[in-house]
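Respectively, the protein sequence lines represent chains A and B. Residues in the first sequence are numbered consecutively from 17, following the working numbering. Residues in the second sequence are numbered consecutively from 17, following the working numbering. To start, the structure itself, in structure tokens.
2 protein chains.
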Amino acid sequence: MTDYRPINLAAKLGLIHDHWSPRVVAEMNDYQFKLVKIQGDFIWHSHADTDETFIVLDGQLRIDFRDGAVHLSAGELFIVPKGVEHKPYAESEVQLMLIEPRGVLNTGEEGGERTAQNDVWI
Amino acid sequence: MTDYRPINLAAKLGLIHDHWSPRVVAEMNDYQFKLVKIQGDFIWHSHADTDETFIVLDGQLRIDFRDGAVHLSAGELFIVPKGVEHKPYAESEVQLMLIEPRGVLNTGEEGGERTAQNDVWI
Chain A
17 MTDYRPINLA AKLGLIHDHW SPRVVAEMND YQFKLVKIQG DFIWHSHADT
67 DETFIVLDGQ LRIDFRDGAV HLSAGELFIV PKGVEHKPYA ESEVQLMLIE
117 PRGVLNTGEE GGERTAQNDV WI
Chain B
17 MTDYRPINLA AKLGLIHDHW SPRVVAEMND YQFKLVKIQG DFIWHSHADT
67 DETFIVLDGQ LRIDFRDGAV HLSAGELFIV PKGVEHKPYA ESEVQLMLIE
117 PRGVLNTGEE GGERTAQNDV WI
């Protein structure tokens with residue numbers, strides 16, 4: 017018998033002690049599920065080649081767009097279409113799951129000092 | 017200003033009044049996010065060309081494999097690898113989110129009377 021185990025999102029989040037550094041917890045085909053804690057402001061960026069899924073697990077997330085914003089609470093999902101400039105913002109800490117193809121950087125096409133190390137598993 | 021709105025998973029689940037009929041709530045590239053309520057036993061099946069992601073939102077899910085089983089509670093995720101035979105089971109009602117490429121049928125390669133209509137949005 018094989019010992020199959022689920023991935024417990026809260027347990028994995030308990031291993032994360034920093035902000036803005038996504039950790040990979042699972043892969044489906046060439047897509048990755050990433051958990052991240054964020055607080056404060058990020059930078060404007062976009063992902064030219066892919067949509068990006070945000071699922072809020074705890075807290076209140078705002079994603080700014082050039083022509084508006086979306087507000088997400090726990091249990092809410094939003095998919096940022098490819099090529100659309102966006103800027104996440106969290107007044108208090110937010111716990112998030114991101115889903116996107118393997119290899120996508122947190123700063124997208126923008127790069128710079130806020131770029132996190134990619135493909136780090138927990 | 018554009019009126020951006022998140023997808024509230026609990027609100028969407030409140031629109032589902034049957035079992036074993038996945039409803040699409042969002043698309044990321046060519047992947048779909050589907051919500052479904054299940055209770056009881058399903059059929060053995062597999063998906064030859066794709067992994068399949070299960071995220072339990074409420075209840076206790078068991079997924080049987082030919083050589084074991086995995087038990088998932090709310091907040092837990094499991095990815096069934098492509099080609100692996102599996103059979104979901106829920107003693108009491110389970111609320112699930114499935115993530116898989118557009119066009120994947122609930123009965124995979126198996127077909128038959130338990131095959132749900134595909135690509136139904138709520």
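No residue lacks a Cβ here, since even glycine has one placed at the ideal position from N, Cα and C.
Test: residue i CB closer than 8 Å to a CB of chain B
i	result
GLU125/A	no
PRO104/A	no
VAL86/A	yes
ARG118/A	no
ARG39/A	no
ALA26/A	yes
PHE81/A	yes
ASN45/A	yes
ILE138/A	no
Reference residue i, options the options, closest by Cα
i	options	result
ARG130/A	THR69/A, VAL136/A, TRP137/A and LEU121/A	LEU121/A
HIS35/B	PHE58/B, THR69/B and GLY128/B	PHE58/B
GLY99/B	ALA64/B, PHE49/B, GLN133/B and GLY119/B	ALA64/B
LEU114/B	LEU73/B, THR18/B and ARG78/B	LEU73/B
GLY30/A	LEU112/A, GLY124/A, SER89/A and HIS87/A	LEU112/A
MET44/B	PHE94/A, GLU43/A, ILE79/A and GLY56/A	PHE94/A
ASP19/B	SER108/A, ASP83/A, TYR20/A and GLU126/A	ASP83/A
ASN24/B	LYS28/A, LEU88/A and SER37/A	LEU88/A
ASN134/A	PRO22/A, ARG78/A and VAL52/A	VAL52/A
VAL50/A	ILE32/A, ARG78/A, GLY128/A and HIS61/A	Val is not the amino acid found at residue 50/A; the sequence shown has Lys there. For the residues ILE32/A, ARG78/A, GLY128/A and HIS61/A, the minimum Cα distance to LYS50/A belongs to ILE32/A.
The ligand FMN heavy atom lying under 7 Å from the CB of residue i
i	result
PRO104/B	As for the ligand FMN, it is missing from this structure, which has no ligand bound.
Cβ-Cβ separation, residue j to residue i (assumed contact under 8 Å), whole Å
i	j	result
PRO117/A	THR66/A	5 Å
ILE54/A	VAL110/A	5 Å
ALA26/A	GLY75/B	Rounded, the Cβ-Cβ distance is 17 Å, inconsistent with contact.
VAL96/A	GLU68/A	5 Å
PHE81/A	GLU101/A	7 Å
Closer than 8 Å to chain A by CB, residue i
i	result
PHE94/B	yes
GLY91/B	yes
ILE54/B	no
ARG21/B	yes
PHE49/B	yes
ALA42/B	yes
THR131/B	no
ASP67/B	yes
Which whole runs of the beta strand (DSSP E) in the region 65 to 130 of chain B are 3 residues long or more, in chain order? 68 to 74, 77 to 81, 84 to 88, 92 to 96 and 102 to 117
Unbroken alpha helix (DSSP H) runs of length 4 or more, entirely within the region 23 to 66 of chain A: which are they? 25 to 29
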